[in-house]
Every structure is written in C-alpha cells, then in structure tokens.
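S.K.: Below is a structure I'd like to ask you about.
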Amino acid sequence: MRGAVIVAGGSSARFGEDKLEFDVAGESVLQRAVDCFIPFVSHIVVVGRRVEGALYAEGGDTRCQSVRNGIAALPDQVTVVAVHDAARPFASPQLIEKVFCEAERLGSAVPFVPVTDTLWQKPCTPCQREDFFCVQTPQAFDVKLLKEALAAQTGDFPDESTLFAKVHGKVNFVEGERGNVKITYPQDALRFKVGNGFDVHPFAEGEGFVLGGIKVPYTKTLKGHSDADVLTHAVCDALLTASGNRDIGCIFPDSDEKYRGISSLLLLSESARLAQKNGYFVKNVSAVVICQHPKLAEYLPLMSQKLADVLKIPAHCVNLSATTTEKLGALGNGDGIACQAYALVCGRQA
Numbered sequence: 000m001r002g003a004v005i006v007a008g009g010s011s012a013r014f015g016e017d018k019l020e021f022d023v024a025g026e027s028v029l030q031r032a033v034d035c036f037i038p039f040v041s042h043i044v045v046v047g048r049r050v051e052g053a054l055y056a057e058g059g060d061t062r063c064q065s066v067r068n069g070i071a072a073l074p075d076q077v078t079v080v081a082v083h084d085a086a087r088p089f090a091s092p093q094l095i096e097k098v099f100c101e102a103e104r105l106g107s108a109v110p111f112v113p114v115t116d117t118l119w120q121k122p123c124t125p126c127q128r129e130d131f132f133c134v135q136t137p138q139a140f141d142v143k144l145l146k147e148a149l150a151a152q153t154g155d156f157p158d159e160s161t162l163f164a165k166v167h168g169k170v171n172f173v174e175g176e177r178g179n180v181k182i183t184y185p186q187d188a189l190r191f192k193v194g195n196g197f198d199v200h201p202f203a204e205g206e207g208f209v210l211g212g213i214k215v216p217y218t219k220t221l222k223g224h225s226d227a228d229v230l231t232h233a234v235c236d237a238l239l240t241a242s243g244n245r246d247i248g249c250i251f252p253d254s255d256e257k258y259r260g261i262s263s264l265l266l267l268s269e270s271a272r273l274a275q276k277n278g279y280f281v282k283n284v285s286a287v288v289i290c291q292h293p294k295l296a297e298y299l300p301l302m303s304q305k306l307a308d309v310l311k312i313p314a315h316c317v318n319l320s321a322t323t324t325e326k327l328g329a330l331g332n333g334d335g336i337a338c339q340a341y342a343l344v345c346g347r348q349a
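Just so we're aligned: 206 in numbering that gives the first Met the number 0 is position 207 of the sequence shown, and the numbers increase by one with no gaps anywhere.
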C-alpha cells in the first residue's frame, strides 16, 4: 500500500505572504500539491496544515520531526511512502508513479535534475557543474527503511535523501522534471500563467472536416484558410497568449499563402516553439468544442492524444469536451463549430 506525507511547514518569509495559500490558476499551491497524489495513494498526510480529505499531523521543530509525525499518522499497512514539499505543486503523474515504482523495487527513489548554471564556491572558487545536480521531491522510500533512518538520527537534515544516505549508505536517484519547481520567491509563483483562446469556423459544402488533427466524417466541411481545425486554432491561441506572444491571426495570418491548407498541427507545434522561446512550456490544456452536429464524443480521446503528441505532454493533460447550444443561435442552427480553450503554462521567466 502506498502513502504520501506532504510537509507543509515553513514561514514563507522569502515569499512575503503565505505561499501555500497563494492562488495558482484557481487553486492554492498546497491543494495542488495534495491533489497530485490522490490517484496514486491510499492515504495522504499533511503535516502542519489541515486539508479536507487528508489526514493531519502536527509539525515538528525540525523537518525530520515533521516527517516522523507524518509517517506515524499513516496506517501500518502502508509499505511505501512518498515525502513531498507542499511548495511543489506541479509534480507530474509520471514522476510520482516513477518514484513509487523505483522505491518498491529498490527501497528508495529520489528525483534529480542537472545543474545548468555556472557554479562558484564561496569565497571565490569555480566549480564543475557536471559534478553537481539538484534534488527534488517527491522522494519515495520503503517505510521500514525510512523509519530506521529517522530513528537513527537525532539532528536535522535538509531532506530525506540526505538522512537516508547517511544511515543506509546510499540512495537511488531517478530523473526529475524541470517543471517540478519549488515555490520560494514571488517570482516563482508568477511562472505559471493561463491563456485563453477562442475560434469559430462556418460549415461549407464538402465531406468531413479536421478537428484536433482527426478527420471527422460529416456531410459538410469547415471553411478556412488553413485546414480550418477550430479546436487546434483555439489551443494555439491559448498557448500563444499565455506565453506572451501575439495571437494566431497575427502570427499565422490568413493573408499569407504559405498557410493555405496547412495542417493546424504544424501551427500548434510552432506555437509551442514560440512559447518555449519565451521561456514557457505547456502543462495542461482544457477545451470545449461547441456545435449542434455532429456528435463528437467518440473522437475526443483520439484528439487528446493527437494534440498531446504535438505538445509533448501526456494525453491526460489535454482535456477535451463537447457541448451544444441547445439549438440556440448560429451554432445551434448548425452553421458551424466554435471552440473555447485554456492553456496552463510554466515558465523560466517571471
């Protein structure tokens, strides 16, 4: 059985306000950190804060004591535990599953990312950055082994990997994620931005149309300068505006013949590249397609996968739905298809 301990101590002194309650796209940093683990564990303990749906444990004077308290609040049936910083709200499902699987296999799993900045050691000694890496959470461990490590030491340690390695001699590392940032300063929280996109295309004479990169059979087609993929266009706009770029009409104008008939997936790929050029990459997409006909439910999973492949994110991070206007207005009359999309991006710039 798997469990998670979310360490929610700290004073937020460097942030200037309670960073765990800071709103990130409609949800607090703490709630996002907790929600990450819900699909993967039977029990979640939050140390130092009360969160609905999670167990509570008192915070300690040191991190080690807080983690001890958190583990003590878990049921005895939990055999593997992930310890996570509450200030890391964007650990991906893939990373969480990876650390659990490796800890179940090897007893420990600690994510890391290489150092990319030039390093100097005080007072004035340059370092080889290849000799260093940055450690993240969640860090997963065999509960028995972690309890042994916590019981063997009375002092404090910066994280569980340091303690575990001191007691057991080594710790197993797995590749972490650049997007799994720890919010410490106000500029860190500003890295997460939301963009909104909207598009509409009319129906025209023809057979079938492209939506989300998928050919949908129908008695009509969609009219447009490119392939008229209204869903992908809305996602492009959401991604572009979230990352500080101009909108799709400015970047890919319909007055430019090189875009005539072009696959909108290519426009999406270029939109992602432009976002990355500005220091942002996409974390999540949500979009609703609005039309009276045809019914689209069976095609939505294929569209999610197609868009996710282009954006290089998991398909479950591209969430699509379809609805009607209950026969109201032009869309209700079957004159075309509209789409509203949102994109959450994470960036290296404030």
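Where is the CB? At the ideal position from N, CA and C, for every residue including glycine. None of the values given here were measured: they were computed from a predicted structure.
(1) Buried or exposed, going by whether 16 or more other CB atoms sit within 10 Å of the CB of LYS305?
(2) For the structure I just gave you, are there three or more beta carbon pairs, one from the stretch 175 to 188 and one from the stretch 86 to 96, closer than 8 Å?
(3) Once the 5 residues before and after ARG347 are set aside, which same chain residues still bring their CB inside 6 Å of it?
(4) I'd like to check one pair, GLY196 with LEU350: are the Cβ atoms closer than 7 Å?
(5) Going by C-alpha to C-alpha distance, which of PHE140, THR161 and LEU145 sits closest to VAL134?
(6) Measure the CB-CB distance between VAL4 and VAL80 and report whether it falls below 7 Å.
(7) Along the chain, where does the alpha helix (DSSP H) that runs through ALA274 open and close?
(8) Determine the DSSP secondary structure at VAL114, reduced to helix, strand or coil.
(9) Got a sec, what are the start and stop residues for the alpha helix (DSSP H) PRO300 sits in?
(10) How about VAL6 and SER65: do their beta carbons lie closer than 7 Å?
(11) Hey, quick one: how far does the alpha helix (DSSP H) through ASN68 stretch, first residue to last?
(12) Decide if GLY2 is buried, meaning its Cβ has at least 16 other Cβ atoms within 10 Å, or exposed.
(13) CB HIS42 to CB LEU73, shorter than 7 Å?
(14) Mind checking which residues open and close the alpha helix (DSSP H) that includes GLY328?
(15) In terms of alpha-carbon separation, which member of GLY9, CYS345 and GLY333 lies closest to PHE202?
(16) Please tell me whether ALA56 and VAL40 are closer than 7 Å, where the distance is taken between their beta carbons.
M.R.: Here's the rundown:
(1) LYS305 comes out buried.
(2) Touching, yes.
(3) Note that ARG347 has pLDDT 48, beneath the 50 cutoff, so the model's placement of it is unreliable and the number below is only indicative. Excluding residues up to 5 positions away in sequence, GLY278 lie with their Cβ nearer than 6 Å to the Cβ of ARG347 in the same chain.
(4) The first residue shown for the chain is 0 and the last is 349, placing residue 350 beyond what the model contains.
(5) VAL134 has its Cα closest to that of THR161, out of PHE140, THR161 and LEU145.
(6) Yes, the Cβ-Cβ distance between VAL4 and VAL80 is below 7 Å.
(7) That run of the alpha helix (DSSP H) goes 263 to 276.
(8) In the structure shown, VAL114 sits in coil (DSSP, three-state: anything other than H, G, I, E or B).
(9) Per DSSP, PRO300 belongs to the alpha helix (DSSP H) from 299 to 310.
(10) In this structure, VAL6 lies near SER65, with their beta-carbon atoms less than 7 Å apart.
(11) Counting along the chain, the alpha helix (DSSP H) containing ASN68 begins and ends at 62 to 71.
(12) Buried, because 16 or more other Cβ atoms sit within 10 Å of the Cβ of GLY2.
(13) Going by C-beta atoms, HIS42 is nearer than 7 Å to LEU73.
(14) In the DSSP assignment, GLY328 falls within the alpha helix (DSSP H) that extends over 328 to 331.
(15) It is GLY333.
(16) One thing to note: ALA56 has its Cβ no nearer than 7 Å to the Cβ of VAL40.
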